[in-house]
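The structure appears right after this line, and notes come after that.
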Amino acid sequence: MATVCALDVGTSRIKALLLTEQLAPVQPPVIAPSVLSLPAPAVAEVDPEALWGQVLAVLRRVAGAGGRPEALAISNQRATALPTDDSGRPYGPALSWQDTRGSEDLQRW
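Using my numbering, you'd call the opening residue of the sequence shown number 1077 and step up by one each time.
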């Protein structure tokens, strides 16, 4: 049976669901907490390595329960930025759309 995995990498949760070609669920969704860090007021960051680890863990659980999907559909956090170097390695944490440290600068601009 051909299947598609729908993956939602959200702000608070990571969810994956295996679906048939007719979009019928093969199994219940796999859900895990996301890795948003709120260490100080106005600061909202995501550790990219921890996030990638959570995503892989969720996908492994889906594949283990229902088989390897033939396609992957991805939805993710809106406006979260991850600055990287020329090789694609992160400079640091991703800045979540909830991070408001630059609000004053934007107001002046």
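Beta carbons are placed, not taken as given, at the ideal position from N, Cα and C, and that holds for glycine. Remember, it's a predicted structure, so these values are computed and weren't measured experimentally.
Looking at the secondary structure, which residues open and close the beta strand (DSSP E) in which Arg1177 lies?
Working through the sequence shown from its first residue, we reach residue 1177 at position 101. Here Arg1177 belongs to no beta strand (DSSP E), and DSSP marks it neither H nor E.
What is the rounded straight-line gap between the Cα of Ala1082 and the Cα of Pro1104?
Counted from its first residue, the sequence shown places residue 1082 at position 6. Counted from its first residue, the sequence shown places residue 1104 at position 28. If you take the alpha carbons of Ala1082 and Pro1104, they lie about 12 Å apart.
Can you give me the C-alpha to C-alpha distance between Val1111 and Val1138, rounded to a whole angstrom?
Counted from its first residue, the sequence shown places residue 1111 at position 35. Counted from its first residue, the sequence shown places residue 1138 at position 62. Each residue's alpha carbon lies about 19 Å from the other.
Indicate the three-state DSSP secondary structure (helix, strand or coil) for Pro1166 in the structure shown.
Within the sequence shown, numbered from 1, the residue matching residue 1166 stands at position 90. Reduced to three states, the DSSP call for Pro1166 is strand.
Taking DSSP as the reference, what is the three-state secondary structure of Leu1114?
Within the sequence shown, the letter at position 38 stands for residue 1114. Coil at Leu1114, not helix or strand.
Provide the residue span of the alpha helix (DSSP H) that contains Leu1158, from first to last.
Taking the first residue of the sequence shown as 1, we reach residue 1158 at position 82. Leu1158 -> no alpha helix (DSSP H), and no H or E assigned at all.
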